[in-house]
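These notes concern the structure reproduced below.
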Amino acid sequence: MLGNLFAWLILIPFILAFVVGFLAYDFQKPTVPPDGELNKP
150 MLGNLFAWLI LIPFILAFVV GFLAYDFQKP TVPPDGELNK P
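All residue numbers for the sequence shown refer to our numbering, where the first residue is 150 and numbers rise by one.
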């Protein structure tokens, strides 16, 4: 039980960091191509 709790205390920050990083990358990605397309013509 205590080992499982310790495992979650290590895993949760990594999962949160991955989800936040993925959402930040996914949010930044679509804003770059329209800006490039607007500057092109």
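We treat Cβ as the ideally placed atom computed from N, Cα and C, and that holds for glycine.
These numbers were taken from a predicted model, which means no experiment stands behind them.
Would you report the Cα separation of residue i and residue j, rounded to the nearest angstrom?
i    : j    : result
F167 : L158 : 15 Å
N153 : F171 : 26 Å
F163 : V169 : 10 Å
I161 : F155 : 10 Å
L165 : A173 : 12 Å
CB of residue i to nearest heavy atom of the ligand ATP: below 7 Å?
i    : result
A173 : Here there are no bound small molecules, and the ligand ATP is not part of this structure.
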